[in-house]
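Below is one structure, written out as structure tokens; comments come after it.
Protein chains: 2
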Amino acid sequence: MPSPRSVHPQDDLTPRQREILDFIRNRLTVGGAPPTRLEICAAFGFASPNAAEDHLRALAKKGAILMTAGAARGIRLPAPPGLPVIGAVAAGSPLLAVENQRGTLPIAPELFSPRADYLLQVRGNSMSGVGILDGDLLAVHRTVEARSGQIVVARLEDEVTVKRLQRRGSRVELMAENPEYAPIVVNGPLVIEGLVVGLIRGGRPL
Amino acid sequence: MPSPRSVHPQDDLTPRQREILDFIRNRLTVGGAPPTRLEICAAFGFASPNAAEDHLRALAKKGAILMTAGAARGIRLPAPPGLPVIGAVAAGSPLLAVENQRGTLPIAPELFSPRADYLLQVRGNSMSGVGILDGDLLAVHRTVEARSGQIVVARLEDEVTVKRLQRRGSRVELMAENPEYAPIVVNGPLVIEGLVVGLIRGGRPL
DNA sequence: TGGGAAGCTGGAAGAAAATACAGTCACCCA
DNA sequence: TGGGTGACTGTATTTTCTTCCAGCTTCCCA
Numbered sequence: 001m002p003s004p005r006s007v008h009p010q011d012d013l014t015p016r017q018r019e020i021l022d023f024i025r026n027r028l029t030v031g032g033a034p035p036t037r038l039e040i041c042a043a044f045g046f047a048s049p050n051a052a053e054d055h056l057r058a059l060a061k062k063g064a065i066l067m068t069a070g071a072a073r074g075i076r077l078p079a080p081p082g083l084p085v086i087g088a089v090a091a092g093s094p095l096l097a098v099e100n101q102r103g104t105l106p107i108a109p110e111l112f113s114p115r116a117d118y119l120l121q122v123r124g125n126s127m128s129g130v131g132i133l134d135g136d137l138l139a140v141h142r143t144v145e146a147r148s149g150q151i152v153v154a155r156l157e158d159e160v161t162v163k164r165l166q167r168r169g170s171r172v173e174l175m176a177e178n179p180e181y182a183p184i185v186v187n188g189p190l191v192i193e194g195l196v197v198g199l200i201r202g203g204r205p206l
Numbered sequence: 207m208p209s210p211r212s213v214h215p216q217d218d219l220t221p222r223q224r225e226i227l228d229f230i231r232n233r234l235t236v237g238g239a240p241p242t243r244l245e246i247c248a249a250f251g252f253a254s255p256n257a258a259e260d261h262l263r264a265l266a267k268k269g270a271i272l273m274t275a276g277a278a279r280g281i282r283l284p285a286p287p288g289l290p291v292i293g294a295v296a297a298g299s300p301l302l303a304v305e306n307q308r309g310t311l312p313i314a315p316e317l318f319s320p321r322a323d324y325l326l327q328v329r330g331n332s333m334s335g336v337g338i339l340d341g342d343l344l345a346v347h348r349t350v351e352a353r354s355g356q357i358v359v360a361r362l363e364d365e366v367t368v369k370r371l372q373r374r375g376s377r378v379e380l381m382a383e384n385p386e387y388a389p390i391v392v393n394g395p396l397v398i399e400g401l402v403v404g405l406i407r408g409g410r411p412l
């Protein structure tokens, strides 16, 4: 079995490599074309093009970039720039959620702050009070840290739900934003999957 | 006065030049980097790199592309691909609206259907019933045609507002989606500025 | 009817870029 | 106390790319 490469190749990069990758990303979005070795040298103060070459080799080996041999500016990003769309999640009374990627939308993760890692399609109207409606795509930042009052993507057993996190002392509650839905008092294992950092609605006239 | 170059530089291109431009656009989005002269030759069957060079010169002269002299793959697109963000519009009781571009967000117009032409920032909560909240960015498709029941950007005198259009025979009403706001019965001049085709909320955790 | 403009061929010079080879230095780890 | 890895310097070679030159054909239009 081949080594199970991380879903986020940038996770196992060194800090320096991450800097290089960020620079390449920036050049691709701002300038429209990937940098050359010499441009990387100029940006980081390297005296030798081989310093850049080494970094690119390392990034390519880790899957963070793709390189076209022999081509000028032959650096490409492996994943088409955009956010993966994850299948519907129960936002009504929690239903089974499938972590199944439906596709990709050409939206920059940096459009949101903190950066979005994926889009999650909402099912149900339990959060309609804060303008999250059935079918909306939520931009989610992957994290396990969430403060009380924030809207989170949470997993209870095998069910994924979007709710407002409420900590009252030791008690943890998941609050809907719709009077028709009662708060869920957590006593089983709760996993915070991420923080809701944005919302996209579209594809048809509203 | 210099010739008033069109806002859409691709409008006064020859069919062949448009083909070349489309190819460059495709390479930029699919491949991540602009093509070289020889790659253009290969794609179109040219025998000489100068055929590509001539086209690039023509495209640059017409403002459809920008070229960095001496750089490999030095072709760039003039407008950063994205949607202009228009300043806040009154979505409460209609206030003065400024058609002032604040900036640009890197979002593909084709993300919405029909295609979005600009983003309009909402002020007020008159449309909260359909999940449009204060500060949201609405994706707007520029059109004067709207059917009854659609959510439109409308101009009444000098005021711009977002409401649901309601035609009852000859009477035209602009309905809020919030019980605190009364319907507006239109008797003065009404201009439909566009159709709301999407929504983006972000920039901070919700 | 003649003169641009668009759209090409063919060739070639020189700059820009990729890439190989041979090292150095610091750090972590077994 | 090595040995591997990351992060570089310095030099050199080859390939890719840009860019220029000189021409050719077709079409439109004044």
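Chains as they are written, first to last, in my numbering: chain A, 1 to 206; chain B, 207 to 412.
In this text, a Cβ means the ideal position worked out from N, Cα and C, and glycines have one as well.
Every value quoted in this text rests on a predicted model; they were computed, and no experiment measured them.
{"Asked": "For A239 of chain B and L133 of chain A, the rounded distance between their alpha carbons", "Found": "38 Å"}
{"Asked": "Run of the alpha helix (DSSP H) containing L179 of chain B, from where it starts to where it stops", "Found": "Since the first residue shown for chain B is 207 and the last is 412, residue 179 of chain B is missing from the structure and cannot be characterised."}
{"Asked": "Backbone CA spacing between S113 of chain A and F46 of chain A [nearest angstrom]", "Found": "32 Å"}
{"Asked": "Bounding residues of the beta strand (DSSP E) (the contiguous stretch that carries D360 of chain B)", "Found": "The displayed chain sequence assigns Ala, not Asp, to residue 360 of chain B. That run of the beta strand (DSSP E) goes 357 to 362."}
{"Asked": "Rounded Cβ spacing between L190 of chain A and L138 of chain A (contact assumed at less than 8 Å)", "Found": "With 8 Å as the limit, L190 of chain A and L138 of chain A do not qualify as a contact, their Cβ atoms being about 19 Å apart."}
{"Asked": "Cβ neighbour criterion (16 or more within 10 Å) applied to L199 of chain A", "Found": "buried"}
{"Asked": "8 Å contact criterion, which E379 of chain B and P389 of chain B should meet: CB distance rounded", "Found": "5 Å"}
{"Asked": "Which of helix, strand or coil DSSP assigns to G293 of chain B", "Found": "strand"}
{"Asked": "Cβ-Cβ separation, L13 of chain A to I65 of chain A (assumed contact under 8 Å), whole Å", "Found": "Actually they do not touch by this definition, with Cβ atoms about 10 Å apart."}
{"Asked": "Residue burial classification, A360 of chain B (beta-carbon count within 10 angstroms, cutoff 16)", "Found": "buried"}
{"Asked": "When A:G188, A:V196, A:V140, A:V162 are compared against Y181 of chain A, the one with the closest alpha-carbon", "Found": "A:V162"}
{"Asked": "Alpha-carbon spacing of R329 of chain B relative to F44 of chain A, whole angstroms", "Found": "43 Å"}
{"Asked": "Collapsed DSSP secondary structure at G280 of chain B in the structure displayed", "Found": "coil"}
{"Asked": "Selection from B:V403, B:A382, B:I230 that minimises the alpha carbon distance to N331 of chain B", "Found": "B:A382"}
{"Asked": "Paired residues, beta bridge with H347 of chain B - DSSP", "Found": "B:L401"}
{"Asked": "Q327 of chain B - partner residues in DSSP beta bridges", "Found": "B:L343"}
{"Asked": "Inter-residue spacing [alpha-carbon to alpha-carbon] between R241 of chain A and N50 of chain A", "Found": "Since the first and last residues shown for chain A are 1 and 206, residue 241 of chain A lies out of range."}
{"Asked": "Rounded C-alpha distance that separates E53 of chain A from A69 of chain A", "Found": "12 Å"}
{"Asked": "A72 of chain A versus A:A42, A:L38, A:P84, residue with shortest Cα-Cα distance", "Found": "A:L38"}
{"Asked": "Through-space distance from G202 of chain A to T235 of chain B, alpha-carbon basis", "Found": "21 Å"}
{"Asked": "Distance between beta carbons of L59 of chain A and Q17 of chain A, contact taken as under 8 Å", "Found": "6 Å"}
{"Asked": "Exposed unless 16 or more other CB atoms sit within 10 angstroms - verdict on R377 of chain B", "Found": "exposed"}
{"Asked": "Of the residues B:C247, B:P241, B:R282, B:R231, the one placed nearest G31 of chain A, counting alpha carbons only", "Found": "B:R282"}
{"Asked": "Beta bridge counterpart(s) of V172 of chain A as assigned by DSSP", "Found": "A:R167, A:V186"}
{"Asked": "Coil, strand or helix - R147 of chain A by DSSP", "Found": "coil"}
{"Asked": "Proximal chain B residues relative to S128 of chain A, where beta-carbon distance stays under 8 Å", "Found": "G337"}
{"Asked": "Endpoints, the alpha helix (DSSP H) within which F46 of chain A is located", "Found": "No alpha helix (DSSP H) contains F46 of chain A, which DSSP labels as neither H nor E."}
{"Asked": "For L272 of chain B, three-class secondary structure by DSSP", "Found": "strand"}
{"Asked": "Separation of I357 of chain B from G169 of chain A, as counted between CA atoms", "Found": "44 Å"}
{"Asked": "Helix, strand or coil at I132 of chain A according to DSSP, with G and I counted as helix", "Found": "coil"}
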